[in-house]
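Trainee: In the UniProt record's numbering, the protein residues as written are 1 to 401.
Note that beta-carbon positions come from the ideal geometry of N, C-alpha and C, so glycine has one too.
Below: one structure in structure tokens.
Written out as structure tokens, the structure reads:
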């Protein structure tokens, strides 16, 4: 049986700083199972799914079977722990993102934004009912905050309304870019209480009367994900289906901040995927009589891609260590998301350039990472919004408006 070090060398040869050695033996075994599943079941079809804008059949169910929240392997040598370690969370996102950015985004929306909307926003009874089902993937969820006219300014710009009538709420409005809404069982959706002017959270189901969902077509990034528009016309929600602990945008922000680190991790994994795709190409492609990997200019670009990746791994790992200690820091997560997404954009451009004309063909993988990097650069806080979070901390002055 392979040792932990042997498994790590096989799993993460690009981890030149050996950050992965901080994982426990059980965590490494789990990540090996995850990587084997991705490679054996989805490698041959992933580009076709990207081209055709289809979700690989069974992916969500297979991830549920792995039980990445509560698998006993994740608690070996961590007696008393009640949840998977933050370093494991980093490498979980990293491993899936290295394979495909759409799949890690689907997973992140469910186990990050959606799951945490119930965990942070739900009453004790709601948490007890929904969280086990979400963690096992018995139920599927998403996160409905962004609107057609409000993205970065959503904190003060929600137009979807909720009007209370006795023990019921009447919801009207629209949401946009809601990944996986059409395949979700329950949707945490946010609307402004017309009486107080404060946002509240509600549990919506796609089959409800007044809920209409359509898929956004013709995307150039994250094509595997069915991003959706949600239209709400006099949708009735019982008070029992209101997320009881969502009563201000600060409550929503806690959910967003909790998952921003995950996007930094995804960007890091995507860099590794782009590097892997580029290396696979240059070691096979011949020009002027030899493999292009043997040319100095190619190696310099590969070295830059590796350098960007190593920096991102280090930043992500430090963020995971901080979060493990409960030292949550909004500025740290914004820094990691902003810089890792920026370096991802730079790295995929180098990889695309190295692969020449073939780099715009989906069959060579790098095109998929090149396109999907644009979405990572934008979601979970644009580059500019995260820069303003950091700028506010540096100067003490808010420049958001």
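1) Using only CA atoms, which one of 383, 326, 302, 245 lies nearest to residue 116?
2) Out of 82, 281, 6, which has the shortest C-alpha to C-alpha gap to residue 364?
3) Contact between the segment 352–363 and the segment 230–239 is defined here as three or more beta-carbon pairs at a separation below 8 Å; is this criterion met?
4) Report all residues from its chain with a CB closer than 7 Å to the CB of residue 174; omit the five preceding and five following residues, and keep chain order.
5) Please classify residue 241: does DSSP put it in a helix, a strand, or coil?
6) For residue 211, tell me which candidate among 187, 226, 225, 222 has the shortest Cα-Cα distance.
7) Please report the distance separating the alpha-carbon of residue 354 from that of residue 396.
8) Taking the alpha-carbon positions, what's the residue 108 to residue 16 distance?
9) Report the residue ranges of all alpha helix (DSSP H) runs contained in full by the UniProt domain "Acyl-CoA oxidase/dehydrogenase middle" (142–235); include only those spanning at least 4 residues, in chain order.
10) DSSP three-state call for residue 291: helix, strand or coil?
11) Classify residue 394: buried if its beta carbon has 16 or more other beta carbons within 10 angstroms, exposed otherwise.
12) If you draw a straight line from the alpha carbon of residue 35 to that of residue 249, how long is it in whole angstroms?
13) What residues in its chain sit with their C-beta under 6 Å from that of residue 100, if we drop five residues either side in the sequence?
14) Rounded to whole angstroms, what's the CA-CA distance from residue 177 to residue 67? Just pull it up for me.
15) Quick one: Cα of residue 167 to Cα of residue 242, how far?
16) On the three-state DSSP scale, how would you describe residue 254?
17) Hey, out of 51, 60, 226, 330, whose CA is closest to residue 41's CA?
18) Does the segment 253–261 come within contact of the segment 325–339, defined as at least 3 CB pairs closer than 8 Å?
19) Candidates 77, 264, 293: which alpha carbon is nearest residue 380's?
20) Between the beta-carbon of residue 181 and the beta-carbon of residue 144, is there less than 8 Å?
21) Candidates 83, 32, 268: which alpha carbon is nearest residue 308's?
22) Could you say which of 140, 158, 370 lies nearest to residue 205 if we only look at CA atoms?
23) Can you have a look at residue 111 and say buried or exposed, based on whether 16 or more other CB atoms are within 10 angstroms of its CB?
24) Following the continuous alpha helix (DSSP H) through residue 83, name the residue where it begins and the one where it ends.
25) Within its chain, find whatever has a CB closer than 6 Å to the CB of residue 75; leave out the 5 residues flanking it on each side and keep chain order.
26) Take residue 2 as the anchor and find which of 25, 13, 20, 14 has the nearest alpha-carbon.
27) Let me see if you follow: with CB-CB separation under 8 Å, is residue 74 close to chain B or not?
28) Leaving aside the five residues before and after residue 372 along the sequence, list all residues of the same chain whose C-beta is less than 6 Å from its C-beta, in chain order.
29) Skipping 5 residues on each side, what residues in its chain have a beta carbon closer than 6 Å to that of residue 53?
Mentor: In short:
1) 245
2) 281
3) no
4) 147, 148, 160, 229, 230, 231, 232
5) helix
6) 187
7) 43 Å
8) 26 Å
9) 154–157
10) strand
11) exposed
12) 37 Å
13) 46
14) 27 Å
15) 10 Å
16) helix
17) 60
18) yes
19) 264
20) yes
21) 268
22) 140
23) buried
24) No alpha helix (DSSP H) contains residue 83, which DSSP labels as neither H nor E.
25) 81
26) 25
27) Among the chains in the structure shown there is no chain B, since it carries only a single protein chain.
28) 101, 221, 222
29) 223
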